[in-house]
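Undergrad:
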């Protein structure tokens with residue numbers, strides 16, 4: 047990655063995005079030293095224009111931004127950094143410095159709900175009861191739902207097909223949790239394959 051720090055008086059604009067929700071959290075600036083420190087520590091450091099020094103986000107609040115990926119734009123003079131935030135990003139105590147609701151997709155919400163049902167099991171929870179039976183039962187359920195989807199694919203009933211597709215996707219998300227994986231891990235693998243094909 048060869049960045050063009052000369053274009054804007056040595057500072058590059060940096061968009062910070064939540065890796066899970068894809069919500070834009072904030073905008074900051076990096077000089078070359080801040081960029082190198084961010085890469086070395088996997089924690090976002092900016093150049094503070096008001097303090098005229100390097101500033102690691104969270105150095106006083108503890109709300110650090112742990113780096114997941116760094117991408118440059120087409121002109122190599124701006125960055126998009128995806129992070130896992132450790133608490134609110136904005137100094138006002140909000141998730142984002144922008145007055146927007148998180149742009150969490152439904153699948154991310156569903157994934158979080160499944161994770162919560164596993165972490166906080168109740169006797170009424172289908173997720174908790176299936177998870178308690180172990181990986182073999184969960185994998186078996188995914189297999190059953192896949193077969194039912196294939197059977198419905200051969201017929202012309204769209205409603206039944208959609209229902210079986212939803213069942214399969216739901217149990218697939220549960221299987222990912224059982225394997226300590228997230229949907230984002232699979233997305234990253236698919237993105238990697240797109241680049242190589």
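In our numbering, the protein residues as written are 47 to 243. Backbone N, C-alpha and C define an ideal beta-carbon position, used for all residues, glycine too.
How would you label residue 149, buried or exposed, when you count the other beta carbons within 10 angstroms and need 16 or more for buried?
TA: Per-residue confidence for residue 149 stands at a pLDDT of 49, beneath the threshold of 50, marking its modelled position as unreliable; the derived number appears in the next sentence. Classification for residue 149: exposed.
Undergrad: Give the secondary structure of residue 149 by DSSP, where H, G and I count as helix, E and B as strand, and everything else as coil.
TA: Only weak support is given to the placement of residue 149: the predicted model assigns it a pLDDT of 49, under 50, and the question is left unresolved by the model.
Undergrad: Leaving out five residues on either side along the sequence, give the residues of the same chain with a beta carbon under 8 Å from the beta carbon of residue 73.
TA: 59, 60, 61, 62, 143
Undergrad: For a quick check, are the C-beta atoms of residue 50 and residue 115 less than 8 Å apart?
TA: no
Undergrad: Thinking just about the alpha-carbon of each residue, which of 221, 236, 129 is nearest to the one in residue 179?
TA: 221
Undergrad: Tell me whether the beta-carbon of residue 152 lies closer than 8 Å to the beta-carbon of residue 132.
TA: no
Undergrad: Tell me the rounded alpha-carbon separation between residue 71 and residue 88.
TA: Approximately 17 Å between the Cα atoms of the pair.
Undergrad: State the beta-bridge partners of residue 89 as determined by DSSP.
TA: 112
Undergrad: Thinking just about the alpha-carbon of each residue, which of 177, 138, 169 is nearest to the one in residue 219?
TA: 177
Undergrad: Since residue 102 is in the beta strand (DSSP E), which residue starts that stretch and which ends it?
TA: 99-102
Undergrad: Would DSSP call residue 182 helix, strand or coil?
TA: Correct three-state label for residue 182: helix.
Undergrad: Looking only at its chain, what residues have a beta carbon closer than 7 Å to the beta carbon of residue 83, apart from the 5 residues adjacent to it on each side?
TA: 91, 100
Undergrad: So, is residue 202 buried or exposed, given that buried needs 16 or more other C-beta atoms within 10 angstroms?
TA: Exposed, because fewer than 16 other Cβ atoms sit within 10 Å of the Cβ of residue 202.
Undergrad: Taking the alpha-carbon of residue 76 as reference, which of 124, 204, 68 has the nearest alpha-carbon?
TA: 124
Undergrad: Over what stretch of residues does the alpha helix (DSSP H) that includes residue 205 continue unbroken?
TA: Unbroken alpha helix (DSSP H) run through residue 205: 204-224.
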